[in-house]
Amino acid sequence: MAKKEKAYNFFNDVYDVVRLIPKGRATSYGAIATYLGTKMSARMVGWAMNAAHNDKTIPAHRVVNRNGQLTGRFHFKTPTTMQYRLEREGLKVKNDTIVDFSKIFWDPYLELE
DNA sequence: GGTCTGACCGGCG
DNA sequence: ACGCCGGCCAGAC
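For any residue, its number in my numbering is found by taking its place in the first sequence, counting from 1, and adding 184.
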């Protein structure tokens with residue numbers, strides 16, 4: 185029971201951080217994992233996003249991999265939904281990759297301290 | 001109930 | 001520079 189709750193909190197923390205991502209910015213799975221103190225478990229962040237589909241308040245499109253690549257685009261309704269939303273927020277996406285990702289990169293570790 | 005995979009990342013050959 | 005491999009945790013078969 186307790187273990188399950190712990191895992192649940194981890195997912196919840198991920199959602200919480202993702203929700204804090206400002207419009208027009210993006211972060212990476214690894215950055216979130218690092219902020220949560222489980223940098224080695226960046227995979228779990230992605231896994232958490234998968235479950236995040238249940239909650240539409242989570243801007244999963246603002247979370248990409250360290251390359252700024254929209255690796256999770258196929259998990260949306262359509263493969264272009266993720267790119268469309270990012271572009272609508274003022275970001276530039278080329279070849280499924282965020283242009284100037286390092287510039288718009290939102291690091292929770294720095295922003296949230 | 002063991003095994004595999006997954007929206008990742010960093011290190012090593 | 002490129003490619004492979006291990007590691008982390010949780011869920012699906």
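Yeah, the Cβ is synthetic: ideal placement off N, Cα and C, and Gly gets one too.
In the DSSP assignment, K278 is bridged to T281. Beta-bridge analysis with DSSP links A210 to F289.
Residue environment for G252: buried (at least 16 other C-beta atoms within 10 angstroms of its C-beta).
Taking a C-beta distance under 8 angstroms as the contact criterion, M266 and H237 do not qualify as a contact pair. Across the set N279, W290, D239, Y192, the C-alpha of N279 shows the shortest separation from the C-alpha of T255.
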